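Each number in our numbering corresponds to the 1-based position in the sequence shown with 538 added.
Heads up, the beta-carbon is just placed ideally off N, CA and C, and yes, glycines get one too.
Computed from a predicted structure; not experimentally measured.
Reading through the C-alpha cells given below for one structure.
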Amino acid sequence: MQFDLCDGERHFACTVPLRARTCPPLLNAIYTASARHLSRIKKYYHGNQIHYGGKVLQDLTPETAIHYHNECIANLMALSDHSGEAQDENLLAAAVILRFYEEVDMPSVGEDTESALRGIQIFLDAQAPSAVAGFGLRHAAYWIALRQEIITAFSKQRPFRLPLGPCEPYRSFEPADDYVWADRLVIHCADVLQYCFGSEEEGTPQDQHQSSSTGVLHPIPVTDMRIARYDELVLFETLWTELGPPSFKPIYTHEPDHSRGEVFPELWYLNNCHVAGLQFFELARILLVVYNPKLPRLGPSQRTAMRSVDRKVRSMVLRLCGMALSNQHSPPGLVTASVAIGMCGDRFTDRLEQDALLGVLTKLKDEHAYPTTSMQELLKGAWGWDGYDGLG
C-alpha cells in the first residue's frame with residue numbers, strides 16, 4: 539500500500555516478493571522495512587514480544603531493522619560500481635524500499651543522510667529513459683522514487699536531485715488512464731519544486747543569490763523569463779480544471795462545521811491514485827502561492843498580500859489533511875499531509891485548528907510509526923505553547 543499508489547499492476551505487492559527470492563539486496567530491503575514497521579507499531583506488542591499473523595516473532599527487535607539496513611547498503615554499494623548491475627531493476631526497487639526506511643527511521647539512523655537516495659540516483663541515471671518509456675517494475679520504481687524525492691525536497695526546501703528530462707511525454711493533457719493522469723500531477727509538482735529550489739544540474743533558482751561569505755540565499759531582481767515560467771506553471775492549474783478527468787472529483791464532500799468542532803473537509807475518492815495525484819497537486823499549489831514572484835516585497839500592499847498568502851496556504855493544508863483522513867485506505871496520504879503541516883503549520887493561529895493538526899501528526903506517529911515528535915514540538919514553539927506538555 540505504501541508503494542503501489544499509482545500502479546494498477548501493483549508491482550511492489552505482487553512482483554517484488556517473487557524477485558526477492560533470488561535477489562539478496564531486494565530481500566534485505568524488504569526485511570529492513572518490515573522489521574522496522576513491526577518493531578515500532580504498538581499494536582503488535584504483547585508485553586515485550588511482537589505478535590503478527592498469530593505468531594510470536596521472538597527474534598525481532600528494533601535493532602533487527604538496522605542490521606538488515608546495513609546489509610542492504612553494503613549490497614548496493616558493492617554492486618553499484620558495476621555498469622551492468624546499474625541496469626538491474628531489482629536493485630532500483632531495493633534502493634526505493636531502503637529510501638522509504640530511511641525516511642521514516644531517522645531517530646534510529648541519526649540525521650537523514652539520504653544514502654539510499656544516492657543509490658537511487660546511480661540506478662536512475664542508467665535506467666530513467668527506459669523506466670519512463672516502459673512498463674513493469676522499473677517503471678513503477680521510477681515513479682515511487684520521484685514521489686519520495688518530492689516529499690524530501692519539499693520538506694527540506696532543497697534542490698531536486700532526480701532526472702526529469704525523460705518525463706517530457708507526461709507533460710501533456712491528452713486522454714489517458716487515471717494512473718497516467720496521477721503521474722502527470724506528480725510531474726507538475728516536481729516541475730514546481732525545480733522552479734522554487736532549482737535542481738542540482740541547474741544550480742540556484744534565478745531569483746536567489748547565494749552570498750559567498752555567508753552562504754545565505756538572498757533575493758535578486760526577478761527576470762522576465764522567470765515570471766514567464768511561473769505563469770506556465772500556474773496555467774497548469776487552469777488546464778487541469780478544464781481538461782482533467784471527472785474521475786478525480788470526490789464522490790462525497792462535506793465542509794467542516796466549526797460549531798461542532800470540525801476542522802477538516804471530508805473528501806472521498808475512488809482510487810488511491812486520485813488521492814496521491816491530487817495531494818501532490820495541492821503541494822504544488824502551496825509552493826506557487828508562496829513563491830509567487832509578483833508578490834510585493836515592500837510597501838502598503840505587502841502586508842495585505844502576505845495575509846492573503848497565509849489564508850490560501852491554510853486552506854490548502856486543511857484540504858490535504860481532509861483528503862488524508864477521509865481516505866485512510868491510502869496511508870501515504872497522511873505522510874503528504876504531515877509534510878505540509880510541518881512546513882506551513884506555523885501560519886495557523888486558531889487553537890482548534892492547531893489541535894487538529896497535531897492530531898494528524900500524532901495519528902501518523904501512533905498508527906504508522908513515522909517520527910513526528912520533533913515536528914510537533916517545533917510547531918508548539920512557533921505557536922507560543924511553551925510549557926504545554928500534551929494534546930488537549
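Item: Compare the C-alpha of F735 against each of K694, L564, R722 and name the closest.; Value: K694
Item: Are there any heavy atoms of the ligand GDP lying less than 7 Å away from the beta-carbon of T874, as far as the coordinates show?; Value: Absent from the structure shown: the ligand GDP. Ligands present: none.
Item: Are D721 and C561 closer than 8 Å when you measure CB to CB?; Value: no
Item: Less than 6 Å between C-beta atoms, sequence neighbours within five positions excluded: which residues of the same chain meet that for G818?; Value: Just to set this straight, residue 818 is Phe in the shown sequence, not Gly. For F818, where only same-chain residues beyond five positions count, the Cβ hits under 6 Å are L723, V724, C727.
Item: By the three-class DSSP mapping on this structure, what secondary structure does S853 have?; Value: helix
Item: Which value, in whole angstroms, describes the spacing of the CA atoms of A931 and L863?; Value: Summary: the structure shown does not reach residue 931, with the chain confined to residues 539 through 930, and so no result is reported for it.
Item: Assuming the contact rule is C-beta atoms closer than 8 Å, M854 and R823 should be a hit. Round their C-beta distance to whole Å, please.; Value: 6 Å
Item: Answer yes or no: do S868 and V898 have a C-beta to C-beta separation smaller than 8 Å?; Value: no
Item: Roughly how many angstroms lie between the CA atoms of I789 and L808, to the nearest whole one?; Value: 7 Å
Item: For N865, which residues from the same chain have a beta carbon less than 8 Å from its beta carbon, with the 5 sequence-adjacent residues on both sides left out?; Value: L805, W806, Y807, N810, V813, G871
Item: To the nearest angstrom, how far is it from the Cα of V647 to the Cα of T761?; Value: Reliability of the predicted coordinates at V647 is poor, the pLDDT of 36 falling under 50, and the value obtained from them is presented with this limitation in mind. Roughly 42 Å separates the two Cα atoms.
Item: Note the first and the last residue of the continuous alpha helix (DSSP H) segment covering Q686.; Value: 674–694
Item: Taking only the alpha-carbon atoms, compute the straight-line gap between L836 and A878 and give it to the nearest angstrom.; Value: 27 Å
Item: Going by DSSP, name the residue or residues bridged to T791.; Value: L805
Item: Can you give me the Cβ contacts of A558 inside the same chain, cut-off strictly under 7 Å, excluding the 5 residues immediately before and after it?; Value: L564, L565, I568
Item: For I635, which residues from the same chain have a beta carbon less than 6 Å from its beta carbon, with the 5 sequence-adjacent residues on both sides left out?; Value: A567, A571
Item: Determine, using beta carbons only, whether L630 and F661 come nearer to each other than 8 Å.; Value: yes
Item: In the DSSP assignment, what residue or residues form a beta bridge with I588?; Value: Y583
Item: Find out if the Cβ-Cβ distance for the pair Y733, Y708 is shorter than 8 Å.; Value: no
Item: Can you tell me where the alpha helix (DSSP H) holding S737 begins and where it ends?; Value: Careful: S737 lies outside any alpha helix (DSSP H) and carries neither H nor E.
Item: Hey, how far is the Cα of T742 from the Cα of I579?; Value: Low confidence applies to T742: its pLDDT is 49, below 50, so where it sits in the model is not reliable enough to give any reading.
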